[in-house]
Every structure is written in structure tokens, then in C-alpha cells.
Amino acid sequence: MSWINSYSVVLVFCFLFHSILIMFRYFFISGRLISVLLLQTFVNWKEARLTWSFFKQAFLKQILTEGERYVMTFLNVLNFGDQGVYDIVNNLGSLVARFIFLPIEESFYVFFAKVLERGKNVKDQKKEDVAMAADVLESLLKLVLLTGLTITVFGYAYSQLALDIYGGSMLSSGTGPDLLRCYSLYVLFLAVNGVTECFTFASMCKEEVDRYNFVMLALSFTFLCISYFLTHWHGSVGFILANCFNMGIRIAHSIHYIYGYFKESTYRPLTGLLPSPILVLIYIISGVITGFSEVFFCCDKGWMARLIHISMGALCFGTTVVTMFCTETKLIHFVRSQFLPQYMKKGT
């Protein structure tokens, strides 16, 4: 096997050397190297500076996203058992963000970046483009808000059952259920923050991105400190509470930016964060019913009691969905027109 590896390495180096010779001959024989260096056409420096700003922002977001792991590892605030439970719950909870919210954020970031011209205010944009962006943003906010609320309300009452089915009493009898309940709330913050930052980053100019990087720097330091202190007070739940605080600040910043962006127009996409009062009432009733159902039927009273608990949740969930169809007709039309055709294409 060693001679095969050596042969492969030689081939790679030969290929690289040959490529360098071709590039050298192309640039120098055609005389384009001098023009590239003098006219600086090889690199778009405006976009390069913007890319550097986003790189710094990505580094700070990495600290905000994975900061609790650094605190957990280097400051030894949790024992290995609690760290294992936290990782399991964190991985389970993040599945929703990965498979539902992340594709939405990535797709509509591209949409907003194409529809709106970066760094220009509403008055300098085309009216039809602004109207389209505002309409889509409002529907997206309503979609992720209701999805997050549904996960929060029903996740609270079914966290213990989910962990009991997934990992048995080892996960469902300790801090696992409380962690997953808090993570259900954190998913709501993740959902709203994803869409608000998606629009914000798609429309910001370089100077605005740089200013936001300073905010992120201060927020990173604050987040690490809060993670450390909350963990001492509330154990592993403190990490999730610190993440909720972090997301809340970022949402507030993005909402402030979106409000200022559309202030000089007649469009108010932030109304997407206001669900109908009837739907809010249904969520409250569902939360109360499923909460009592968990107390009386879950999770050490046998499978029949668990089935009753699941049936109560299914009934409340069905009522919530029906109410959603009746009160959020604009959102239903948006989902049918934007998402269903894509899934139909994938299915065929």
C-alpha cells in the first residue's frame, strides 16, 4: 500500500506543478498579469471587504452558538453525566432547527439578497420589490412563530414521554425533561431569530455589518459570563436559559433594524409576529390541558395511561391546526404557493 500512496502523492504534485506552469504561461505571455495588478480587476475589493465583515461575524456567531460548550469544557461546571444528558437533549432539540428552520433561512436569505439591493433604503428600491419582500417576510415570521409556539406548547408536556421512549428512565427521571422543556422554548427563539437575521443580513451594507459585529462582540462576552453564572445557579438548564437570553437580544436588534428599514414605507412586516387572539387562546388552553394530562397520565402509570396522554395531545394539536387554518388564511396561501410545489417536485 505504501507504493500506491507514494504514487498518488507524486501524481498530485505533478498535477499542481503542471497547473502552475499553465497559469504562469497564460498570464505572462498574454500580458494580463500586469493589467490585473494595475487595474485590480482580479479581486472585487468592495465584495472582499464585505466578505471579511461576514467572516468576522461568523466567528462571533460561532462563539455565541457553541459558547456553552467552551464554558462546559474549560471551566468544568458540569460533571460528565450531566454533560452527556445535555448533549443528548441538545442534539435531539437541534433536529428541528436543522431540518425545518435552517433550509428556510438559507433559501429566503438568497431570495431577499436578490430582490433587495444591499445598502439602499426603501425609497431607493423598486416599489414592487419592496412590496414582495415585505409580504414574504411577514408570512415567514408568522410561519416560524406558529411553528415555534407549537413546539413550545406541546414540547413542555411531552418532553418526559419523548425522553422515556428514546432513552428509558435514565433520561426521563433526571434533569433531562427539564432540559428538553427549556429547549422547546429555545426553539421558539431560534425560529424567530433565524428569519429576522436572514432579512437583516441580506439587506445590510458593509458599514452596518461592521457595526453589528461590535454588538456581537459585546454580546459574546456577556453570553459567556451569563452562561457561567446561570450554570452555577440552575445547572445545565442555565446554558439553555443563557442561549434564550442571547437569542432574545439578537431578535431585538433585528426587529429594530427591520422596523427602521420599513419605517418610511406603508409596509409593516413585523405584524407577522402577532398571531390571532383566538389562536393564542387555543394555545393556552392546549398547554393547560396537556400539562394536566402529563401530571395524571405520564409516565410511570403504564402504556394505557401514556396512550391517553398522547390522545389528549393529538386532540389539542388537531384543534390548534384547524384554528390555524381558519384564522391564518394568508399564511396558508403562502405555504401552499411557496412550499407545496417544491415538495411535489421532490416527490416526482
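For the sequence shown, our numbering assigns the number 1 to the initial residue and increments by one for each residue that follows.
Every residue, glycine too, gets a C-beta built ideally from N, C-alpha and C.
Shown here, Thr266 sits in coil according to DSSP, grouped into three states, outside any helix or strand. Between the stretch 164 to 173 and the stretch 219 to 238, the count of Cβ pairs shorter than 8 Å is below three; the stretches do not touch. For Ala131, the CB contacts under 7 Å within the same chain, skipping 5 residues up- and downstream, are Tyr267 in chain order.
Inclusion of Val144 and Phe101 in the CB contact set at 8 Å is warranted, their separation being smaller than that value.
The beta-carbon distance between Leu116 and Asp135, rounded to whole angstroms, is 13 Å. This is too long to meet the 8 Å contact definition. In terms of Cα proximity to Ala133, the closest of Phe214, Val110, Ala305 and Ala162 is Val110.
Scanning Ile282, Glu328, Lys301 and Cys182 for the CA closest to the CA of Gly313 turns up Ile282. Cβ contact annotation for Val89 (same chain, cutoff 7 Å, sequence separation greater than five): Gly176, Leu179, Leu180 and Tyr183, in chain order. Take the alpha-carbon of Leu149 and the one of Leu188: they are about 6 Å apart. Scanning the stretch 264 to 315 for uninterrupted alpha helix (DSSP H) segments of 4 residues or longer gives 277 to 297, listed from N- to C-terminal end. Less than 8 Å separates the beta-carbon of Ala157 from that of Ser293. Out of Leu307, Thr51, Leu274 and Ala97, the CA that lies nearest to the CA of Glu328 is found in Leu274.
In terms of Cβ geometry, Cys316 and Gln160 do not form a close pair [threshold 8 Å]. When the five nearest sequence neighbours on each side are left out, the beta carbons in the same chain lying within less than 8 Å of the beta carbon of Ser254 are those of Asn193, Thr196, Glu197, Phe199 and Thr200, in order along the chain. Measuring C-alpha to C-alpha distances from Leu190 to each of Phe223, Ile251, Cys326 and Asn213 identifies Ile251 as the nearest.
Scanning the stretch 77 to 104 for uninterrupted alpha helix (DSSP H) segments of 4 residues or longer gives 80 to 96, listed from N- to C-terminal end. In this structure, Phe334 lies away from Tyr86, with their beta-carbon atoms at least 8 Å apart.
DSSP places Lys206 inside the alpha helix (DSSP H), whose first and last residues are Lys206 to His234.
With respect to the 8 Å criterion, Leu219 and Ile249 are classified as neighbours on the basis of their beta carbons. 8 Å or more divides the Cβ of Asn121 from the Cβ of Glu208.
With respect to Gly272, Lys142 sits close: the two C-beta atoms are nearer than 8 Å. Residue state for Leu143 is assigned as helix, using DSSP reduced to three classes. Just so you know, the alpha carbons of Leu217 and Cys205 end up roughly 19 Å apart. Ser159 sits in a helix when the DSSP states are folded into three classes.
For Glu197, the enclosing alpha helix (DSSP H) begins and ends at Gly176 to Ser203. Sixteen is the threshold: when 16 or more other Cβ atoms of the shown chains lie within 10 Å of the Cβ of Pro269, as they do, the residue is buried.
If you check the CB distance, Ser107 and Lys330 do not come in under 8 Å. Relative to Val321, the option among Leu279, Ala305 and His256 whose CA is nearest is Leu279. Glu117 sits in coil when the DSSP states are folded into three classes, being neither helix nor strand. Excluding the 5 residues flanking it on each side, Asn243 has same chain C-beta neighbours closer than 6 Å at Tyr186, in chain order.
Within the same chain, Cβ atoms closer than 6 Å to the Cβ of Gly155 are found at Ser184, the five residues on either side in sequence being excluded.
The Cβ atoms of Ile151 and Val96 lie closer than 8 Å to each other.
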